[in-house]
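For the sequence shown, the residue numbers in the UniProt record's numbering are 1 to 151.
Here's the structure, in structure tokens; my notes come after.
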Amino acid sequence: MRKFLVVLDDSRECLNAMRFAAMRAAHTGGGVTILSIIPPDEFNHWIGVAEVMREETRERIVAHYEVFAKWMRDRQNVDPELVIREGDAVPEILGQISDDPDIGVLVLGAGNERTGPGPLVSQLSKSSGSLPVPVTIVPGDLSKEKLEAIT
């Protein structure tokens, strides 16, 4: 089964990327893997404090994931999988693609701010010619109706 890999973060454009991935998976009989990445510099504290912070971050990620997962299950009949990795975003995304041969498409949300589409889209588009899978970039301000029409 082909999977759509989508990155879960705190950006507004993440919502449209999630919707797109779920709708495409539902229409093509695919799956969705939701990847959340914990930056390595987030826990530069004493070991005990770092472990507590890491666990709190994981709990926050799971709670955030459950909101999207419930919508995907209820509305799209897609049961997503959550993967949490620690490290720098781009290497971890590429690592997940390498580790899971069923991933066929990377779905990213693009911000619509004047500063650009966002760091992931900017970084990954620079090397898009050598990526192991196609990348779908979903505009962050695309309406739900437009998303439904194109998926």
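A virtual CB, placed ideally from N, CA and C, is assigned to each residue, including glycine.
Give me the Cα-Cα distance between residue i and residue j, rounded to the nearest whole angstrom.
i, j, result
"Asn112", "Gly140", "6 Å"
"Val107", "Ala50", "31 Å"
"Tyr65", "Arg73", "12 Å"
"Val52", "Asp10", "20 Å"
"Leu94", "Thr136", "15 Å"
"Thr151", "Gly118", "23 Å"
"Lys70", "Leu147", "19 Å"
"Glu145", "Glu59", "32 Å"
"Thr57", "Asp99", "23 Å"
"Pro134", "Gln76", "23 Å"
"Gly29", "Pro80", "13 Å"
Is the Cβ of residue i closer than 8 Å to any Cβ of chain D?
i, result
"Val52", "In the structure shown, chain D does not exist; there is a single protein chain."
Between which two residues does the alpha helix (DSSP H) holding residue i run?
i, result
"Leu147", "Lys144 to Ile150"
Quick test of your reading: residue i and residue j, contact by CB under 8 Å. State the CB separation rounded to the nearest angstrom.
i, j, result
"Gly31", "Val78", "7 Å"
"residue 191", "Phe68", "Shown here, the chain extends from 1 to 151; a query on residue 191 therefore has no answer."
"Glu13", "Ala110", "6 Å"
"Pro40", "Ile97", "Actually they are not in contact, since the Cβ atoms of Pro40 and Ile97 sit about 19 Å apart, beyond 8 Å."
"Arg4", "Ala25", "According to the sequence as given, residue 4 is Phe; it is not Arg. At roughly 5 Å, the Cβ-Cβ gap stays under 8 Å, so Phe4 and Ala25 are in contact."
Continuous alpha helix (DSSP H) assignments of at least 4 residues falling wholly in the UniProt domain "UspA" (1–139): Taken in chain order, the complete alpha helix (DSSP H) segments of 4 or more residues contained in the UniProt domain "UspA" (1–139) are 14–28, 47–71, 89–99 and 119–126.
Inter-stretch contact (C-beta, 8 Å, three-pair minimum) for the stretch 92–110 and the stretch 124–131: yes
At least three beta-carbon pairs within less than 8 Å, the stretch 79–86 to the stretch 19–38: The stretch 79–86 is in contact with the stretch 19–38.
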